[in-house]
Amino acid sequence: MSSPSSPGNGPSSFTSCSAVLPPIGSKDRTSSPSPSKGSSSGFRAAGYFSSRSLGGISSRGSRNSSGGYHSARYGYGHRGVGYSGTGFSHSPYGSYGLRRPVASGTGTPFITPVTCNESLLQPLNLEINSAAQAMKCQEKNELQCLNSKFACFIDKVRFLEQHNLMLKTKWDFLKEKKRQKSHMEPLFSEYISRLRKELECLEWERNQLKVEMNNWREMDCVFMDKSQKEAKVETLTQDICFYRNTFEEEICELQSCISDTCVTVKMDNSRGLDVGCIIEEFHRRYEDIASRSRAEAEAWCQCQELRTTAAKHCDNLRNVKDELGELTRMVHRLQAEISNVKSQRCKLEEEVAGAEERGEMAVKDAKCKLAGLEEALHKAKQDMACQLREYQALMNLKLALDIEIATYRKLLEGEEFSESSNPSCSSGFWDSCAACIRSIRRTHISPYFLGGKK
1 MSSPSSPGNG
11 PSSFTSCSAV
21 LPPIGSKDRT
31 SSPSPSKGSS
41 SGFRAAGYFS
51 SRSLGGISSR
61 GSRNSSGGYH
71 SARYGYGHRG
81 VGYSGTGFSH
91 SPYGSYGLRR
101 PVASGTGTPF
111 ITPVTCNESL
121 LQPLNLEINS
131 AAQAMKCQEK
141 NELQCLNSKF
151 ACFIDKVRFL
161 EQHNLMLKTK
171 WDFLKEKKRQ
181 KSHMEPLFSE
191 YISRLRKELE
201 CLEWERNQLK
211 VEMNNWREMD
221 CVFMDKSQKE
231 AKVETLTQDI
241 CFYRNTFEEE
251 ICELQSCISD
261 TCVTVKMDNS
271 RGLDVGCIIE
281 EFHRRYEDIA
291 SRSRAEAEAW
301 CQCQELRTTA
311 AKHCDNLRNV
321 KDELGELTRM
331 VHRLQAEISN
341 VKSQRCKLEE
351 EVAGAEERGE
361 MAVKDAKCKL
371 AGLEEALHKA
381 KQDMACQLRE
391 YQALMNLKLA
401 LDIEIATYRK
411 LLEGEEFSES
421 SNPSCSSGFW
431 DSCAACIRSI
441 RRTHISPYFL
451 GGKK
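For the sequence shown, position 150 matches number 150 in the UniProt record's numbering, and the numbering has no gaps at all.
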């Protein structure tokens with residue numbers, strides 16, 4: 001602010017500008033005095049006080065609050081003395097200034113007496129509430145603990161998601177295995193059916209061989225009868241030969257006896273022995289026996305051949321039985337392995353189902369905990385916003401108190417200077433300063449206390 005020029009023959013005045021702090025984010029600007037036209041000489045008692053506090057919790061930036069105070073400036077010209085009031089400013093709320101009209105003239109300046117309100121000089125009770133500070137520290141620690149727990153829960157949720165994905169992959173793999181039918185069971189069933197058919201064939205062959213064996217046994221009995229009859233035929237042929245020889249010798253002896261005596265005997269030839277018929281009968285019987293013997297011999301040869309083939313078949317049957325036993329044992333072993341694999345598959349399915357249930361329960365638990373943490377985080381953010389508003393109000397109060405302290409200091413310095421120069425001019429100055437301080441208190445300090453009471 002500038003003071004008007006003093007009346008006189010020539011322009012002899014003094015102009016002063018109070019410092020105004022720029023808003024947050026702009027460059028700092030300072031005021032500079034601009035002397036008016038004319039030659040003047042003067043002195044200035046300059047004083048500066050600033051309070052800069054760092055506030056804000058955000059990690060992206062900071063908020064700066066500043067206050068400034070400039071001293072009064074005094075000027076002396078060749079026709080008079082000029083005086084301008086003090087000025088102070090605070091960037092968030094604009095600038096304030098106190099200005100005292102300049103008295104100019106050829107004589108000594110008139111200084112009004114200054115009165116001081118002692119109640120304003122008493123120190124304010126600005127005690128810090130230890131309980132609130134402890135509560136803030138506790139809330140800060142709780143917020144840090146909640147953040148750490150939230151990070152742990154996030155890690156657990158990620159681990160559970162990975163585990164759930166792995167279980168889903170296993171489940172899909174097992175489903176694909178279920179869809180792909182095993183090629184071993186039809187092979188085993190086909191192999192078992194083929195072995196059963198072979199077993200049936202072998203049983204049928206065995207029954208046939210038993211029937212043939214019984215037949216051959218019957219044929220053996222017939223052959224024994226035939227051999228006995230052949231033995232009887234041989235004995236009978238020997239007897240016939242013996243009887244023929246003896247009969248021929250007797251006939252020869254009788255003929256020699258008869259040749260010596262001539263005797264005529266009449267005999268009945270009808271009662272004579274018909275040897276030709278007997279020989280023919282024996283010859284016919286012999287041929288029958290020979291034909292039967294030939295047939296029996298042929299049957300015996302066939303029986304021997306059948307016995308050899310039966311022995312071969314018995315050996316083959318024994319080998320087949322051994323192979324069948326091995327195949328049966330193999331089938332039992334494969335069936336046991338199949339049952340074991342089926343039991344393992346059932347166990348794996350139960351484990352997969354249990355793992356799915358545990359995964360779902362873990363995911364639900366994690367979601368519930370995550371919701372609780374989000375709610376706690378939202379509440380913590382609201383508390384943080386309230387604390388930030390309180391902090392900003394406290395910073396505004398601090399700045400207002402800094403301004404008031406600087407004003408008191410400047411008032412004391414101005415009082416000393418005015419008492420040294422002219423005691424009669426200081427009363428109006430002090431009245432204006434007191435009014436400005438009251439306005440500052442109403443503007444800055446009273447809203448805070450009213451808000452705190454609310």
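We treat Cβ as the ideally placed atom computed from N, Cα and C, and that holds for glycine.
{"Item": "Stretch pair the stretch 395-408 + the stretch 188-198: three plus CB contacts closer than 8 Å", "Value": "no"}
{"Item": "Cβ-Cβ separation, F282 to I251 (assumed contact under 8 Å), whole Å", "Value": "Not confirmed; about 19 Å, so no contact."}
{"Item": "Nearest-angstrom Cα separation, counted from R345 out to L170", "Value": "The amino acid at residue 170 is misidentified as Leu; the sequence shows Lys. Roughly 13 Å between the two C-alpha positions."}
{"Item": "Within 8 Å, strictly: CB atoms of L373 and L146", "Value": "yes"}
{"Item": "Assigned exposure category for E298 - 16 Cβ within 10 Å defines buried", "Value": "exposed"}
{"Item": "For E416, the three-state DSSP class (helix, strand or coil)", "Value": "helix"}
{"Item": "Buried or exposed by the 16-neighbour rule on C-beta atoms within 10 Å, applied to L411", "Value": "buried"}
{"Item": "Alpha-carbon to alpha-carbon, A385 and G105", "Value": "Low confidence applies to G105: its pLDDT is 44, below 50, so where it sits in the model is not reliable, and the reading given next is rough at best. Distance between the alpha carbons of G105 and A385 is about 59 Å."}
{"Item": "Alpha-carbon spacing of K381 relative to E139, whole angstroms", "Value": "11 Å"}
{"Item": "DSSP state of P113 mapped onto helix, strand, coil", "Value": "coil"}
{"Item": "Rounded Cβ spacing between E296 and K226 (contact assumed at less than 8 Å)", "Value": "4 Å"}
{"Item": "Minimum length 4: unbroken alpha helix (DSSP H) runs contained in the stretch 286-313", "Value": "none"}
{"Item": "CA-to-CA distance, C314 to D322, given in whole angstroms", "Value": "12 Å"}
{"Item": "Under 8 Å between C-beta atoms of A311 and M213", "Value": "no"}
{"Item": "Residue closest to E390, alpha-carbon to alpha-carbon, out of Q133, G354, N117", "Value": "Q133"}
{"Item": "Spatial distance of K149 from Q335 (CA atoms)", "Value": "54 Å"}
{"Item": "Through-space distance from Q392 to Y408, alpha-carbon basis", "Value": "24 Å"}
{"Item": "Among A290, E185, K156, the one whose alpha carbon lies nearest that of D365", "Value": "K156"}
{"Item": "Inter-residue Cα distance where the pair is K342 and E198", "Value": "29 Å"}
{"Item": "Sub-8 Å separation of L306 and W204 beta-carbons", "Value": "no"}
{"Item": "Other residues of its chain near S26: CB distance less than 8 Å, five sequence neighbours each side excluded", "Value": "Interpretation of S26 is limited by its pLDDT of 43, a score under 50 that renders its predicted location unreliable; the figure taken from the coordinates is listed afterwards. Here the set comprises nothing."}
{"Item": "Neighbourhood of R376 by C-beta distance below 7 Å, restricted to the same chain and skipping five residues each side", "Value": "Sequence check: residue 376 is Ala here, not Arg. Counting only Cβ-Cβ distances below 7 Å, and skipping sequence neighbours, we find L146."}
{"Item": "Beta-carbon proximity check, L160 vs G359, cutoff 8 Å", "Value": "yes"}
{"Item": "C-alpha gap between C303 and R294, whole angstroms", "Value": "14 Å"}
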